[in-house]
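K.L.:
Pasting a structure here, questions to come.
Protein chains: 2
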Amino acid sequence: MEDQADVEMLGRTELFRGAPVDLLRDIQRAAFRKRFSAGDTVLQQGDAAATVYIVVAGRLRATQTTLDGQQVIIRYLGPGEVAGYAALAGGETFPGAVIAVDDCHLIGWSATAIQELMARHAGIAINVVKLLGARYLDIQVRLRELSTEKVERRIAHTILRLAQQAGRRTVRGIEIVFPLSRQDLAEMSGTTLHTVSRTLSAWEERGIVACGRRRVVVAKPPLLEAIAEEPD
Amino acid sequence: MEDQADVEMLGRTELFRGAPVDLLRDIQRAAFRKRFSAGDTVLQQGDAAATVYIVVAGRLRATQTTLDGQQVIIRYLGPGEVAGYAALAGGETFPGAVIAVDDCHLIGWSATAIQELMARHAGIAINVVKLLGARYLDIQVRLRELSTEKVERRIAHTILRLAQQAGRRTVRGIEIVFPLSRQDLAEMSGTTLHTVSRTLSAWEERGIVACGRRRVVVAKPPLLEAIAEEPD
DNA sequence: CTGGTTTATTGCGCCAGCGCAAAGATGCCC
DNA sequence: GGGCATCTTTGCGCTGGCGCAATAAACCAG
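Here it is in structure tokens:
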């Protein structure tokens, strides 16, 4: 039965880990499912923070856009992860957008439902604390990289991080499993697509990476790590 | 009685807001007090995340330092705010350091005590969620600024933010109440002290700011806001 | 297969901001 | 009040990486 599978899946997410089975069943009953196609907007920047999602399948991108249209990618999220922190933390509106990169399958709850859940079950609130703590840590590190490192190192770090969280071993090396353009890498590394393109070309020359249209494969991780760590 | 005053103070912090008085009393009894002089290290990067503090008086700086000694300032914190998130979120070690900028007076708890408190009182866990959510929001915005804005705008944003959270109205304008060097501003804006110095000199010329040794006063906030918002 | 769209590459010139270095200002401690 | 440490200013030259622009390659739809 599908619901049963759902319950097991929920029990493995960062949000509901450790919850007793009967609670998971309640949670599952309160949820709704939703599918999105690649490119769809799941959460819109500025909209009321009324929904929280967990990713069942597919890959999403959290971004933040300025008034003048400049965009940065805050992070990518995959199966088991949470989209819509603002709704957890009691924010009024979403500070950024979440876009489907692949075709995606999500499970969602209303903000009020989740907040009530947290109020009734401290364990879930603590899961949220851990999850936000982990995100805060990640983003601190990126802030430091952005402030102190030169572009090449930043791009290297960005790719290594993506390979870590969404890499698949292949004969050619570690392939990032979702489509990732030069522009995307630029928006994660705080640079321009031109500089990313030039950098990747140079690396390709040296056999460190292999890339195609919206594809990146890390052929020689140790060399890329060396670049990421070498001082300016 | 001093304890009574403490309890009231705790009830107004972001961490314990909304807790019933008798719980606050328990919390207060479990706490220890500690004083630090300007320049002292309160939490050391890499140390076991075993303590959480609330600032009673004074001002602190949260930083993160790289292996090669480069430093960024994550944020400043003042009265009522929490130092040592890692201990709340169940992290192993502190990802950054916290340093006293002024002479400071703090109240602290062991990580285990606070975690037990969260587990027993969902309201407190929810306060932590809100607090981490707010920090995450702040840092997202800074990440975007750092990625997309030119230095002058970034410095303007940095100063405006500091004026917002630690500004005092005076005849000369809004004064940032704690000592703040050019180097500090550089480490918050992702630039060098030289560029900060040059920029502030130019602004001083135009009467937008007035500054001295480790002092910054925003004389004409609207003009500074204009700089912060003007497109590149 | 064709035409159109999106994505990637690369040459070229320029300039914002860095890094160095040296001098100057300010505050503190004895 | 004098000496010292810390902090700030400013000139100068250089360069990393941006921005533009034009071309090329890959993909898609019909």
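The listed protein sequences derive, respectively, from chains F and D.
So for the first sequence, our numbering puts the first residue at 1; every next one is plus one.
So for the second sequence, our numbering puts the first residue at 1; every next one is plus one.
Cβ atoms here follow ideal geometry from the backbone N, Cα and C, with glycine treated the same way.
Here the structure is a predicted model, which means the values were calculated and not measured.
(1) In this structure, does DSSP put residue 167 of chain F in helix, strand or coil?
(2) What are the residues in the segment 80-104 of chain D lying within 9 Å of chain F by C-beta distance?
(3) Sort F:137, F:115, F:136 by Cα distance to residue 127 of chain D and report the nearest one.
(4) Using a Cβ-Cβ cutoff of less than 6 Å, which residues in the same chain neighbour residue 33 of chain D once the five nearest sequence positions on both sides are dropped?
(5) May I ask which residues mark the beginning and end of the alpha helix (DSSP H) holding residue 14 of chain D?
(6) Give me the subset of the segment 139-158 of chain D whose CB atoms are less than 7 Å from a CB atom of chain F, sorted by chain position.
(7) With DSSP as the reference, label residue 45 of chain D as helix, strand or coil.
(8) According to DSSP, residue 210 of chain F sits in a beta bridge with which residue or residues?
(9) What are the residues of the segment 125-140 of chain D that lie near chain F, defined by any Cβ-Cβ distance shorter than 8 Å?
(10) Could you name the residues of chain D that residue 120 of chain F contacts, counting a contact when the two beta carbons are closer than 9 Å?
(11) Taking DSSP as the reference, what is the three-state secondary structure of residue 194 of chain D?
(12) Assuming residue 81 of chain D contacts residue 101 of chain D under a Cβ cut-off of 8 Å, what Cβ separation, rounded to an integer in Å, is found between them?
(13) Whose C-alpha, out of D:96, D:159, D:48, D:181, is nearest the C-alpha of residue 90 of chain D?
(14) Given residue 58 of chain D, which residues of its chain have a CB within under 7 Å of its CB, disregarding the five upstream and five downstream residues?
(15) Any contact of the segment 140-149 of chain F with the segment 217-227 of chain F, i.e. 3+ C-beta pairs under 8 Å?
(16) Alpha carbon to alpha carbon, what distance is there between residue 15 of chain D and residue 176 of chain F?
(17) Where does residue 93 of chain F land, buried or exposed, given buried means 16+ other C-beta within 10 angstroms?
(18) Using a Cβ-Cβ cut-off of 6 Å (strictly less than) and excluding sequence neighbours within five positions of residue 195 of chain D, which residues of its own chain qualify?
(19) Below 7 Å between beta carbons is the criterion; list the residues of the segment 51-72 of chain D that meet it against any residue of chain F, in chain order.
(20) Which of helix, strand or coil does DSSP assign to residue 279 of chain D?
(21) Report the neighbours of residue 74 of chain F on chain D: residues whose CB is nearer than 9 Å to its CB, in chain order.
(22) Quick one: what does DSSP say residue 64 of chain D is sitting in, helix, strand or coil?
(23) Buried or exposed, going by whether 16 or more other CB atoms sit within 10 Å of the CB of residue 201 of chain D?
(24) Does the segment 3-20 of chain D touch the segment 37-48 of chain D, meaning 3 or more C-beta pairs lie closer than 8 Å?
(25) Rounded to whole angstroms, what is the Cα-Cα separation between residue 225 of chain F and residue 199 of chain F?
(26) Taking a Cβ distance cut-off of 7 Å, strictly less, list which residues of the segment 173-198 of chain F are near chain D, in chain order.
(27) Within the 8 Å Cβ cut-off, does residue 222 of chain D reach chain F?
(28) Check for me: the beta strand (DSSP E) holding residue 110 of chain F runs from which residue to which?
(29) Count the other C-beta atoms from every protein chain shown that fall within 10 angstroms of the C-beta of residue 229 of chain F, then say buried if there are 16 or more, exposed otherwise.
(30) Have a look at residue 118 of chain F and residue 71 of chain D and give me their C-alpha separation to the nearest angstrom.
(31) Looking only at C-alpha atoms, which of F:25, F:133, F:205 sits nearest to residue 88 of chain D?
(32) Three-state secondary structure (DSSP) at residue 123 of chain D?
(33) Which residues in chain F have a C-beta closer than 7 Å to the C-beta of residue 20 of chain D? List them in chain order.
P.N.:
The structure says:
(1) In this structure, residue 167 of chain F counts as strand in the three-state DSSP scheme.
(2) 85, 86, 88, 89, 90, 91, 95, 96
(3) F:115
(4) 107
(5) Taken as a continuous stretch (DSSP letters only), residue 14 of chain D belongs to no alpha helix (DSSP H), as it is neither H nor E.
(6) 139, 140, 142, 143, 144, 146, 147, 148
(7) In this structure, residue 45 of chain D counts as coil in the three-state DSSP scheme.
(8) Answer is F:217, bridged to residue 210 of chain F.
(9) 125, 126, 128, 129, 130, 132, 133, 134, 135, 136, 137, 139, 140
(10) The contacting residues are 122.
(11) DSSP places residue 194 of chain D in helix when its eight states are reduced to three.
(12) No, residue 81 of chain D and residue 101 of chain D are not in contact; Cβ-Cβ is about 13 Å, not under 8 Å.
(13) D:48
(14) 100, 102, 103, 104, 105
(15) Contact between the segment 140-149 of chain F and the segment 217-227 of chain F is absent: fewer than three C-beta pairs spanning the two stretches fall below 8 Å.
(16) Taking the straight line joining both Cα atoms gives about 40 Å.
(17) exposed
(18) 151
(19) Going along the segment 51-72 of chain D in chain order, one finds 64, 66, 68, 70, 72 with a Cβ nearer than 7 Å to chain F.
(20) Nothing about residue 279 of chain D can be read from this structure; chain D reaches only from 1 to 232.
(21) 140, 143, 144
(22) strand
(23) exposed
(24) no
(25) 15 Å
(26) 190
(27) no
(28) 104-110
(29) exposed
(30) 37 Å
(31) F:133
(32) helix
(33) In chain order: nothing, as chain F lies at least about 15 Å away.
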